[in-house]
Amino acid sequence: MVPACSECSEAKVRSTVGQLISRILPKKITNERRRDFRYPYPHLIYLTPIDPSGQPLNDLTTVVVGKNITERGIDFFHRDPLPYRRVILTLESDDGTRASLVTDLLWTRFTRQGWYDNGGRFLHVVEQNGPDSLSA
Numbered sequence: 045m046v047p048a049c050s051e052c053s054e055a056k057v058r059s060t061v062g063q064l065i066s067r068i069l070p071k072k073i074t075n076e077r078r079r080d081f082r083y084p085y086p087h088l089i090y091l092t093p094i095d096p097s098g099q100p101l102n103d104l105t106t107v108v109v110g111k112n113i114t115e116r117g118i119d120f121f122h123r124d125p126l127p128y129r130r131v132i133l134t135l136e137s138d139d140g141t142r143a144s145l146v147t148d149l150l151w152t153r154f155t156r157q158g159w160y161d162n163g164g165r166f167l168h169v170v171e172q173n174g175p176d177s178l179s180a
């Protein structure tokens, strides 16, 4: 079962994702008008759906394509519509550092190229670190 959010979750999420971002892009992008800086994140991401009772559906883990990331959220591309509101996204830097985050999917858009652009907010960090640890 995926643990519930806690009061300190946002600080831990921001710290974990911030460290991952600094390993990928050490410089901030300027001229950003949003609250958080967005960084390009053109990396593959493992997506594990979470069912309504909070159980990760490990056998349905798939790979999506990252687009942008902030310390609070992410957007990514996927070939098919996603029927799940909550997912675990496992992000990886070039040096192999991984972070798995429970993410609340907030929006989706269909692109002219036939893909879905999805966006969500990170809720909290989980200890699961991708497919190598999914079968445990």
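Numbering (our numbering), first residue to last: 45 to 180.
For each residue, glycine too, the CB sits at the ideal point set by N, CA and C.
Would you kindly work out how many angstroms separate the C-alpha atoms of residue i and residue j, rounded to a whole number?
i, j, result
"residue 119", "residue 108", "10 Å"
"residue 103", "residue 136", "20 Å"
"residue 179", "residue 98", "Reliability of the predicted coordinates at residue 179 is poor, the pLDDT of 43 falling under 50, and the value obtained from them is presented with this limitation in mind. So the alpha carbons of these two residues sit roughly 17 Å apart."
"residue 9", "residue 157", "Residue 9 is absent from the model: the chain starts at 45 and stops at 180."
"residue 147", "residue 161", "15 Å"
"residue 65", "residue 96", "30 Å"
"residue 151", "residue 123", "15 Å"
What do you reckon, are the CB atoms on residue i and residue j nearer than 8 Å?
i, j, result
"residue 111", "residue 85", "yes"
"residue 149", "residue 168", "no"
Shortest alpha-carbon distance to residue i belongs to which of the options?
i, options, result
"residue 143", "149, 151, 132 and 95", "132"
"residue 154", "121, 101, 140 and 129", "121"
"residue 166", "138, 117, 139 and 140", "117"
Just reading off the beta strand (DSSP E) that residue i is part of, what are its end residues?
i, result
"residue 164", "160 to 170"
"residue 146", "142 to 154"
"residue 136", "130 to 136"
Ordered along the chain, which non-local residues of its own chain (more than five positions away) have a Cβ less than 7 Å from that of residue i?
i, result
"residue 62", "115"
"residue 93", "101, 104, 128 and 131"
"residue 106", "91"
"residue 139", "67"
Along the alpha helix (DSSP H) that carries residue i, what are the first and last residues, could you check?
i, result
"residue 66", "53 to 68"
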